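Before any comments, here is the structure.
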Amino acid sequence: FQALRIRVNRELDLLEPALRDAVDLLKEGGRVCVVAFHSLEDRIVKHTFRSMAKREHPRVALLVKKPVIPSVLEIQKNPRARSAKLRVAERLSEGVTI
329 FQALRIRVNR
339 ELDLLEPALR
349 DAVDLLKEGG
359 RVCVVAFHSL
369 EDRIVKHTFR
379 SMAKREHPRV
389 ALLVKKPVIP
399 SVLEIQKNPR
409 ARSAKLRVAE
419 RLSEGVTI
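Offset between the sequence shown (1-based) and our numbering: plus 328.
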């Protein structure tokens, strides 16, 4: 069912542009946090954030190198959290260069 929902709603196709739009809406220092529950979603988030961070004029800074994942205790309390991955990026000012 999940695969059908993802395909019908074009969720994977729309995720990257949505992330870029979200970053554009942020003021300097604003943060975008994404919790992905599916590996394909997480891969898109990871690559989009990295591409925006690793440029001559980066738009974001990655606040965590590896995704934040639930602890063993959290998974015991909430088994659905098992596949969750949190990634965070912070908006940089327009004039930042590497």
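Virtual Cβ for every residue (Gly too), placed ideally from N, Cα, C. Please read these numbers as outputs of a predicted model, since none were measured by experiment.
Contact under 8 angstroms by Cβ, residue i with residue j
{"i": "R359", "j": "A409", "result": "no"}
{"i": "L390", "j": "F377", "result": "yes"}
{"i": "L401", "j": "I372", "result": "no"}
{"i": "E344", "j": "S421", "result": "no"}
{"i": "S399", "j": "F365", "result": "no"}
{"i": "K413", "j": "I397", "result": "yes"}
{"i": "V362", "j": "R419", "result": "no"}
{"i": "D370", "j": "P407", "result": "no"}
Enclosing alpha helix (DSSP H) for residue i [first to last residue]
{"i": "K405", "result": "V400 to K405"}
{"i": "A381", "result": "S367 to A381"}
DSSP state of residue i mapped onto helix, strand, coil
{"i": "V388", "result": "strand"}
{"i": "L414", "result": "strand"}
{"i": "R338", "result": "coil"}
Distance cut-off 7 angstroms: residue i Cβ against heavy atoms of the ligand SAH
{"i": "F377", "result": "The ligand SAH is not part of the structure shown, which contains no ligands of any sort."}
Endpoints, the beta strand (DSSP E) within which residue i is located
{"i": "V363", "result": "R359 to A364"}
Beta-bridge partners of residue i, as assigned by DSSP
{"i": "R419", "result": "V388"}
- Is there contact between the region 377-387 and the region 341-353, where contact requires at least three CB pairs shorter than 8 angstroms? By the Cβ criterion, the region 377-387 is in contact with the region 341-353, since at least three pairs of Cβ atoms, one from each stretch, lie closer than 8 angstroms.
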